[in-house]
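Structure record follows, encoded as structure tokens.
Protein chains: 2
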Amino acid sequence: MPAAAFDIATSRPDAAPEFSPRQQVVLQHALTLLVEGGEKALTTAGLARTASCSKESLYKWFGDRDGLLAAVVAYQASQVQFPSEAGATADAETFRAHVAAFVEALLGVLFSETSLALNRLSIGQSNTNSNRLGQLLLMRGKHMISSRARTMLESGRRHGLLKFDKAEDAYQVLYGLAIRDVHVRLLLGEAASPAEQDLKSQAETAVDRFYQLFGA
Amino acid sequence: MPAAAFDIATSRPDAAPEFSPRQQVVLQHALTLLVEGGEKALTTAGLARTASCSKESLYKWFGDRDGLLAAVVAYQASQVQFPSEAGATADAETFRAHVAAFVEALLGVLFSETSLALNRLSIGQSNTNSNRLGQLLLMRGKHMISSRARTMLESGRRHGLLKFDKAEDAYQVLYGLAIRDVHVRLLLGEAASPAEQDLKSQAETAVDRFYQLFGA
DNA sequence: CACAATCCGAACCGTACGGTACGGTTCACC
DNA sequence: GGTGAACCGTACCGTACGGTTCGGATTGTG
Chain A
1 MPAAAFDIAT SRPDAAPEFS PRQQVVLQHA LTLLVEGGEK ALTTAGLART
51 ASCSKESLYK WFGDRDGLLA AVVAYQASQV QFPSEAGATA DAETFRAHVA
101 AFVEALLGVL FSETSLALNR LSIGQSNTNS NRLGQLLLMR GKHMISSRAR
151 TMLESGRRHG LLKFDKAEDA YQVLYGLAIR DVHVRLLLGE AASPAEQDLK
201 SQAETAVDRF YQLFGA
Chain B
1001 MPAAAFDIAT SRPDAAPEFS PRQQVVLQHA LTLLVEGGEK ALTTAGLART
1051 ASCSKESLYK WFGDRDGLLA AVVAYQASQV QFPSEAGATA DAETFRAHVA
1101 AFVEALLGVL FSETSLALNR LSIGQSNTNS NRLGQLLLMR GKHMISSRAR
1151 TMLESGRRHG LLKFDKAEDA YQVLYGLAIR DVHVRLLLGE AASPAEQDLK
1201 SQAETAVDRF YQLFGA
């Protein structure tokens, strides 16, 4: 493996890769290409042309094509921000609103074109390359979010607002209630129905049902 | 488009493609290659060698590579069987068991390596080729199953065992409770946890929660 | 100005794979 | 036995793309 390749195994999950501004611009172009045309649209020559850089620079910065793909995933993951635990769980009403906001943000991220494109990319590669991309996406994306969610839910349990045994299970149910099969259908290229595009009400319904199951 | 290509647009969703026995053997080999190595492992030359047929025959039967992929999806879809509505909803107990069995079968299909491989393939191609594979998989797979599920749930409602407004919504919730994010995690290459491999108890828990939400 | 580093643009190479052509074999049917 | 269709195996072609190399332009530094 080239020394300049973006190394996943040794990089800490929370260590920002810190791409240079120029590199970030290039990665943004790569992301655009990916969103528009899928993986086969992201060729080294095409990216070099689009981003007005040389292939030499691409290989210098990212090692090889796989390194480039990994960098794109890492870059996008670093761009995604979640509303942080604003205020330590005041009353029941605001906590519930907090959960709903979390779910809405989750839907917003998962249903965005960029997230879909990266998931498609990682899934398409998941049985090659010892599956580096899938691991990266899971670590930087899903596991990150799920740990955030667990602390939120456990905070609700501490305050007697929720009741469950394992936070992980509760989160999984919340996820299932919110996402259902919409994610996979979008990944497969189906368009979201109008109702499914109304993230706010989708989140509300999911939280309603979640409280029916886990409300104290 | 070659005349011999497997045509999706005009084929009825429920019309069996009726591949010849020889072709089915070849498609089975293709499926094996796909499961083992993903899309890039399924080359026309490789399939010809593995299945002991000539590339000329492949192109004669399936038109081109896309036609081959479509044929693989259609073939596998035709292989999947679901337990049919056995007996028209006797008592509450057996109906609930029926629902649980349905969910367990659903989990069994979605988590199988072949289903995962085909979903990975279709998702990977979903932003090319005007997305033929995704459409096919959705029509032959998900929509097929969901219509089956809706009639089952509506039967339960008619007998006063369930309560919901729209069967589609109820099914989506049942799906979400059962699948949660496991499907996507498997698609990304993560291994299922031991608990997630116990389909029967997973299905039971999901049905429990479903009844908490929609039981009459 | 001299020097080094960086990077762009373009040309180039090797390879893998989709698709085609063709000779030879089997087999059903007359 | 003769004929034709279906098919196998293999060789072949064109192309697209990953990766490398190189000349020249730009920029920064003492």
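So the sequences go chain by chain: A and B.
The opening position of the first sequence corresponds to residue 1 in this note's numbering, with each subsequent residue numbered one higher.
The opening position of the second sequence corresponds to residue 1001 in this note's numbering, with each subsequent residue numbered one higher.
Built from N, CA and C at the ideal position, the CB exists for glycine as well.
The model shown is predicted, which means the values in this text are computed figures rather than measured ones.
Residue-chain proximity (residue i, chain A), Cβ-Cβ < 7 Å
i               : result
residue 1005(B) : Legend: pLDDT at residue 1005(B) = 40, less than 50; position of this residue unreliable, value from coordinates given subsequently. With 7 Å as the cut-off, residue 1005(B) does not count as an interface residue toward chain A.
residue 1171(B) : no
residue 1190(B) : yes
residue 1218(B) : Lying before the first or after the last residue shown, residue 1218(B) is absent from chain B, which here runs from 1001 to 1216.
residue 1043(B) : no
residue 1127(B) : yes
residue 1187(B) : yes
First and last residue of the uninterrupted alpha helix (DSSP H) at residue i
i               : result
residue 1152(B) : 1144–1158
residue 1103(B) : 1092–1110
residue 135(A)  : 132–137
residue 115(A)  : 113–124
residue 196(A)  : 194–197
residue 1185(B) : 1182–1187
residue 1026(B) : 1021–1037
residue 55(A)   : 55–62
residue 1078(B) : 1065–1079
residue 1178(B) : 1167–1179
residue 50(A)   : 44–51
Cβ of residue i within 7 Å of any chain B Cβ
i              : result
residue 157(A) : no
residue 153(A) : no
residue 145(A) : no
residue 134(A) : yes
residue 201(A) : no
residue 211(A) : no
residue 8(A)   : Confidence in residue 8(A) is poor, its pLDDT being 40 and thus under 50, which makes the residue's placement too unreliable to answer from.
residue 122(A) : yes
residue 180(A) : yes
residue 177(A) : yes
Among the options, nearest to residue i - alpha-carbon criterion
i               : options                               : result
residue 1209(B) : 189(A), 172(A), 24(A) and 201(A)      : 172(A)
residue 195(A)  : 1216(B), 1186(B), 1114(B) and 1168(B) : 1168(B)
residue 1039(B) : 50(A), 129(A) and 163(A)              : 129(A)
residue 1098(B) : 1083(B), 1110(B) and 1131(B)          : 1083(B)
residue 157(A)  : 62(A), 43(A) and 211(A)               : 211(A)
residue 1200(B) : 1183(B), 1191(B), 1162(B) and 1178(B) : 1178(B)
residue 32(A)   : 20(A), 18(A), 92(A) and 50(A)         : 50(A)
Residue i burial status per 10 Å Cβ neighbour count (16 or more: buried)
i               : result
residue 181(A)  : buried
residue 1023(B) : buried
residue 1071(B) : buried
residue 124(A)  : buried
residue 1054(B) : exposed
residue 1096(B) : buried
residue 1216(B) : exposed
residue 15(A)   : Residue placement at residue 15(A) is flagged as unreliable, the pLDDT there being 44, under the threshold of 50; the coordinate-derived value follows with that caveat. Looking at its Cβ environment, which holds fewer than 16 other Cβ atoms inside 10 Å, residue 15(A) is exposed.
residue 170(A)  : buried
residue 67(A)   : buried
residue 134(A)  : buried
residue 1189(B) : buried
residue 1115(B) : buried
residue 1191(B) : exposed
residue 1079(B) : exposed
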